[in-house]
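Residue numbers (our numbering): 19 to 392.
Yeah, the Cβ is synthetic: ideal placement off N, Cα and C, and Gly gets one too.
Each remark here refers to the structure printed beneath this line.
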């Protein structure tokens, strides 16, 4: 693969037609369908125009949403794509719907306009069935580029849940802090072995070659980073795939030196959000990318995917800025072949028009960075 290959990170906002259907929505759907050269567009438009939909029609809409998102990333020029998680509800609640031994409680508001139902583990978890397999098989059947499937990691699922089961095993310990730590450790590793790994194995057996494990919670408790790494390794034990760990909006210094023990291929991190918009290769201009020093010191063999596109603003990064960020990271790391070009995180908070311009400039900037090193 060429220098600075481009890849998505996960989510994309819902396809235009996954909302209340109006004439303007139908027109927007037509515009994007034609722009992206989506197959059988007329069939979709006829469903949207007929009014009341059947459950079969709704299922077809979600397939089209997935197809639109795949073509969105491919049309923008990315090397590695996904379907923008069009068929998922939320990264936490969605997987736990397929697990016995948990019960859902109240609703929690996420930092933006999203909500999820928080769960409590009441027993040892049992996976009802792999929850991303059908999703992957559909994407695999439609994608014309390499595919990378994201899934939420064991540590984050545990950290965002209540524990009513594991803690009972350690109530006889004199130290309540140690009791909680022991219970948390068993809970995280149980989820890794009984939930995450079976899902990953099913995906790899179905042809998945790239897996992304999302662990946004990990650095909120720095003393548990080694536990996350252990769970990560349990989740991918014996798996033959390129594995990416994605952690966003965190203090990345807390990952080191422990991340060097992770049996993964890539680490995807958010950097653009904390960087300046000024062009150039100076430390002052590229203030968001100092963490690359830690990768050079502790885990130089890992590929690093620093976000060069800020997903929380409508500012469209010029391709020259993308180039400068990638060149700066490559120079500071010391091995340009280890640097991947991507967004900070998923694009679900941005409109398709803004997201598309951002992705086009991501690809163009990556090509310019490659040319710099030639």
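Sub-9 Å separation of residue i and residue j beta-carbons
i, j, result
"residue 173", "residue 108", "no"
"residue 282", "residue 261", "yes"
"residue 238", "residue 263", "no"
"residue 24", "residue 259", "no"
"residue 204", "residue 187", "yes"
"residue 110", "residue 178", "yes"
"residue 63", "residue 53", "no"
"residue 388", "residue 91", "no"
"residue 372", "residue 321", "no"
"residue 344", "residue 329", "no"
"residue 346", "residue 304", "yes"
"residue 88", "residue 161", "yes"
"residue 137", "residue 120", "yes"
Identified DSSP bridge partners for residue i
i, result
"residue 353", "Looking at the DSSP assignment, residue 353 forms no beta bridge with any residue, so it has no partner."
"residue 361", "327"
"residue 229", "167, 261"
"residue 279", "Bridge partners of residue 279: none, in fact."
"residue 122", "137"
"residue 284", "262, 321"
"residue 99", "165"
"residue 44", "DSSP, once it has assigned bridges, lists no residue as partnering residue 44."
"residue 144", "118"
Residue i, buried or exposed, once every other Cβ within 10 Å from all chains shown has been counted against 16
i, result
"residue 215", "buried"
"residue 379", "buried"
"residue 101", "buried"
"residue 275", "exposed"
"residue 311", "exposed"
"residue 361", "buried"
"residue 154", "buried"
"residue 166", "buried"
Euclidean distance between Cα positions of residue i and residue j
i, j, result
"residue 331", "residue 118", "39 Å"
"residue 208", "residue 142", "8 Å"
"residue 201", "residue 175", "14 Å"
"residue 104", "residue 193", "45 Å"
"residue 277", "residue 244", "8 Å"
"residue 95", "residue 386", "14 Å"
"residue 171", "residue 39", "35 Å"
"residue 430", "residue 390", "Nothing can be reported for residue 430: it is not among the residues displayed for the chain, which extend from 19 to 392."
"residue 218", "residue 185", "28 Å"
"residue 223", "residue 150", "13 Å"
"residue 367", "residue 78", "24 Å"
"residue 182", "residue 122", "12 Å"
"residue 116", "residue 318", "38 Å"
"residue 134", "residue 392", "47 Å"
"residue 374", "residue 273", "32 Å"
"residue 315", "residue 355", "16 Å"
Residue i Cβ short of 8 Å to the ligand PLP heavy atom set
i, result
"residue 355", "Summarising the ligand content, the structure contains no ligands, and the ligand PLP is consequently not present."
Residue i versus the options, residue with shortest Cα-Cα distance
i, options, result
"residue 29", "86, 354, 250", "86"
"residue 75", "35, 376, 198", "35"
"residue 99", "124, 26, 316", "26"
"residue 144", "195, 210, 246", "210"
"residue 228", "337, 377, 273, 163", "163"
"residue 206", "195, 165, 253", "253"
"residue 67", "43, 212, 50", "43"
"residue 249", "280, 73, 257", "280"
Proximity test, Cβ basis, 9 Å: residue i and chain D
i, result
"residue 81", "In the structure shown, chain D does not exist; there is a single protein chain."
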